[in-house]
Structures are given as C-alpha cells and as structure tokens.
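Okay, structure first, notes after.
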Amino acid sequence: MAAPDENVIFWFRQDLRLADNPALLRAVEAGRVLCVFILDDETAGDHRAGGASRWWLHNSLTRLNESLDGRLNLYRGRAGEIIPELVGRHRASGVYWNRCYEPWRVERDTAIKSALTDRGVAAHSDNASLLWEPWEVLKGDGTPYRVFTPFYRKGCLQAPAPRKPLDAPKLSDLLTDPAALSLDALDLLPSIPWHELLASHWTIGEEGARARLEEFLEEGLEDYKEGRNFPARANVSRLSPHLHFGEISPNAVWYMAGQSGSGVDLDHFRSELGWREFSHSLLYHFPDLPDTNLQASFSAFPWHTNDVALKAWQRGQTGIPIVDAGMRELWQTGYVHNRVRMIVGSFLVKNLMLDWRSGERWFYDCLVDADLANNSAGWQWIAGCGADAAPYFRIFNPVTQGQRFDADGAYTRRFVPELAALPDQWLFNPWDAPQSVLSEAGVRLGDTYPLPIVDLKASRERALEAYKQMKAAAS
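Heads up, the sequence shown is in full-length UniProt numbering, so the first residue is 1 and it goes up one at a time.
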C-alpha cells in the first residue's frame, strides 16, 4: 500500500457516488487522490452510451463534481492511453477503480491493469455494482447458470450474504489537474432539445437516488409483488438508472429494503435485484449476448424487415393503444414500466416479426437506464431466444393486457391523450368501437389516431407458424 503522502488516482466509472464506494475508500486511505472520469467512446465502439444515457451522465457528473467541491477531473479519449499519461504526469503510485462487466470494459481494464503492474504501479479494483461477482455464482459443475430461479435461489441466496454498505470517506487534499476538460467539452447533451422532456421526471445524482429509494420504500414496497404489474401505480422503484450509473449501490438498496419490508413483497423486490445480477452474469459468461441469440436455433428465424412498421413502433403510432402508450412513455421520460416493456417487446418481435436487436438498439438509445446486460438479456427473454426465455409462443395480447393491468385507462390516457374521451370498454381496441362512440369521443381512426398497422390475430398466427417452421428445420 502506498504511503499516505503519495499521489494516487481514483477512476470513477459506473460508481458516481461517495457512499459505499469501496475503491474510493481504498484510494483515500492510500494518499492524495486525483479523482478522474474518462469518456471512452473510442473503446466502447458500438456500445457507447446512447442519447438518453449521455444526458443522464452529464447531470450525474454535475452532481458528483459538486459533492467533490469541484475537484472532479474530466477527460475524453481512450482510457488505456489517458490513465498511463496521468500516472506519469502526477507521479501516481497507484490507480483505484471499481469493476465494470461489459465485455469491452473487461478487456480494456485487464490490459490497463497489466500495463500498470508492469510499470510497478499498483492497480486495485473492487466490486461496487453487484451483490455477487459473476464468477462467484456458478452451478456445482463450475458452469454458469442459464435459468434464473436456480441462479437466484440456489446460487445467490445460498452464497455469502452481500457485504454491508460502507460509509462515505472523509475527503481532503484532493488533487486537481489543469489539463482536465470542462463538462461541456465532453459533449454529452443531445443536439436536439429532446432531453428537456426527460428532466421533469428525474432527480439525478446520489442524493436523488437516496430520496427515490426512500420514497419507494415508504410508498411502493408494500403490495410490490402484485402492484408492480400495474403501470399507473407507484409500486415500481424506478431505481434502475440510479443503479446503472452507480449513484446508489445494490447493497444499500438490498439492506434498506430489508429494514423496511418483509414477506412476499420484500422477497419479490430482492428477486428483481437478483434478475439484475443474472443479466450481468449472462453478459459476463456470454459476451456476445447483445448481438447473438443464446439459443442457436433462432439464427434461422425468418425475421422481417419493415422500416415503416419499425418507425411507427418507435414513435408510438402503431394504432395499438397500450403499445403506443409505452413507446411514448419511453420517449417522454426515458423509462418504460416493466410490464409494458414486455408488451411493446412482444408486439415488435412477434406481431411485427421484427428482429429483437432493432428493439434492443432503440431502447439502448432512449432509456435512461440503458444497461447493456439488462437490456440485452431482457430483449432475448422477450424474443424467446435467450437464457430462461419466455417461450416464443407466449405472445402478449395488448388488448387484454391493457384491460387487465390498466383497467381504468389511467396510464394509457396519460400517454395517448387523443383517446382520452373513449369509454374504458373501447380504449384498448378502438377499431372495434361503434362509429357513434368514436365520433362522440372525437376520435377519427386513420386521422386523429392511426389504424392498427397489423391485425393482432393474423399476426399472432403468422408468428406461430414461423416459429413452428424454425423448430422443424432445427430438428
């Protein structure tokens, strides 16, 4: 360990907080700290952060810099080149960071650690973003789990309990670098003011994350198991972007939830943290997850190409009300309720038969919680081609889903206001409504609201036939 009077570097990544930040604690104990953040789009390549994520990152870095009294040093470029340059210029004896699990980061960080070690510079990494490391939760034969329930129940819950959250360090004697960039120089904000729609829906940063958790535990944890299925209710945590950017740790969420809840609601909420762990485990062990079907048989699936239909889906103009509500929620808030994510995903890959990767890419650009592991695993699950996937023949009916989970139409009317005056009976299938009802509600299908771009029954049968033919070809 370096002597306390030596210079060290702490590299912020997806851990934009002070509390429960193990590598930051190590750095502070080791010497005078240069806190850095590097926007490494060059190494990320196709997996660089999308538009909504970049907007969030801009604001999260603003909050982090405030908590560091303006002593966060920003850089842009290849971290594999910037870190060694900073080490040399600041004569740093060590570099500290918390691990990330995206394949491109793993490869890059391994190379950086090797290069630093070869130079005699200490390189320390810790776990600050997962409850269990992907290599710690394995089956008895040492292979990774591909089914969630045994992964979580047998693997995670029978492993040592997650570590307790750590206090924030007392920061003093932080170093600054006159060569560091301004936040604006990172060019994170989009060129169109779309992000202004998002701002009213979120309080970004470590304090905002803590407040969001406390609000959820007070108002949403009770009845979580059932209530989370209803998009108009407060029974979802909306913590996913805070967790992705590390504004709060999963350990803090795990233990604070345990102090606030019990029974099936606590168990189910913690199992959702377990799904996040499962997604990261899949990405770690199957690094092609964002691009390649985990079930190889799906390589022969006859996906369609239809740019007009894809654009209608992206814009929330499919003529299927709850699908459009979900896609508009995504555009307006950077978030989609979990059940609605399944509905809009099923519609894309099954009713429209468009490749799941088209949906994954759109979500990755538009979600403020765009996480490579969660997004890829979720889309493969919806498409039926991933680990522990929903069977392909499980095709959500968006009409009955809306009638069941948004019975009073509060969610759908919020995001599809042109249908707000329709009676509940016809809200989710306005094409079946009598003309007199449509006229009274001011709805003109094909004018004020689009006609469905696909027939739900016929497209379901088409998808099932395609799946049947794929299975036959693979047998």
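We put the CB at the ideal spot given by N, CA and C, even for glycine. All figures in this text were calculated on a predicted structure; none of them were measured in a lab.
query                                                                                                         : result
Nearest to Gly-246 (by Cα), restricted to the options Ile-9, Asp-5, Arg-13 and Asn-7                          : Arg-13
Cβ-based burial, Ser-125 [other Cβ within 10 Å; buried from 16]                                               : buried
Uninterrupted alpha helix (DSSP H) stretches inside the region 149–210 (no shorter than 4 residues)           : 195–199
Within 7 Å, strictly: CB atoms of Pro-450 and Gly-319                                                         : yes
Anticipated Cβ contact below 8 Å, residue 476 with Asp-369, distance rounded                                  : What is shown of the chain runs 1 to 475, which leaves residue 476 out entirely.
Residue range of the alpha helix (DSSP H) that includes Tyr-284                                               : 263–285
Segment contact flag, the region 112–127 with the region 149–158, C-beta cutoff 8 Å, min 3 pairs              : no
Limits of the unbroken alpha helix (DSSP H) element including Gly-51                                          : 51–67
Supposed contact pair Ala-79 and Arg-108 - C-beta distance, whole angstroms, cut 8 Å                          : 6 Å
Local Cβ density within 10 Å of Arg-99, reported as buried at 16 or more and exposed below that               : buried
Same chain, Cβ closer than 6 Å to Arg-228, neighbours up to 5 away in sequence not counted                    : Asn-235 and Val-236
C-alpha distance - Asp-40 paired with Ser-279, whole-angstrom precision                                       : 23 Å
Spatial distance of Met-1 from Ala-30 (CA atoms)                                                              : For Met-1, the pLDDT reaches just 45, beneath the cut-off of 50, and the residue's location in the model is therefore unreliable, leaving the point undetermined.
Extent of the continuous beta strand (DSSP E) to which Arg-13 belongs                                         : Element bounds for Arg-13: n/a, residue is neither H nor E.
Proximity of Phe-363 and Asn-375 at Cβ, strictly below 7 Å                                                    : yes
Per-residue burial, Leu-197 [other beta carbons within 10 Å of its own, 16 or more giving buried]             : exposed
Whole-angstrom distance between Val-340 and Ala-472, CA atom to CA atom                                       : 31 Å
Beta-carbon proximity of Leu-186 to Arg-76, cut-off 7 Å                                                       : yes
Contacting residues, own chain, Cβ-Cβ under 7 Å from Leu-310 (five flanking each side not counted)            : Leu-354 and Ser-358
Ser-260 and Leu-213 closer than 7 Å at C-beta                                                                 : no
Distance between Ser-262 and Leu-116 (C-alpha atoms, nearest Å)                                               : 46 Å
Contacting residues, own chain, Cβ-Cβ under 8 Å from His-268 (five flanking each side not counted)            : Tyr-224, Lys-225 and Arg-228
From Tyr-96, Ile-248 and Asp-173, residue whose alpha carbon lies closest to that of Ser-60                   : Ile-248
Separation of Asn-397 from Lys-170, as counted between CA atoms                                               : 54 Å
Reduced DSSP secondary structure (H/G/I, E/B, other) of Trp-431                                               : helix
Where the alpha helix (DSSP H) through Val-33 begins and ends                                                 : No alpha helix (DSSP H) holds Val-33; the beta strand (DSSP E) holding it covers 31–39.
Lys-457, buried or exposed, once every other Cβ within 10 Å from all chains shown has been counted against 16 : exposed
Pair within 7 Å by beta-carbon distance, Ala-325 and Val-416                                                  : yes
8 Å CB neighbourhood of Leu-183 in its chain, flanking five on each side removed                              : His-58, Leu-61, Thr-62, Asn-65 and Leu-74
Delimiting residues of the alpha helix (DSSP H) encompassing Asn-338                                          : 338–346
Start and end residues, alpha helix (DSSP H) containing Arg-357                                               : 356–366
Glu-465, buried or exposed, once every other Cβ within 10 Å from all chains shown has been counted against 16 : exposed
Segment limits, beta strand (DSSP E) that includes His-244                                                    : His-244 -> not in any beta strand (DSSP E); alpha helix (DSSP H) instead, spanning 240–244.
Straight-line Cα distance separating Pro-241 from Ile-382                                                     : 21 Å
Close Cβ partners of Leu-138 (< 8 Å) along its chain, the five nearest in sequence each way excluded          : Pro-144, Tyr-145 and Gly-155
Pairwise C-alpha distance: Arg-238 and Thr-333                                                                : 11 Å
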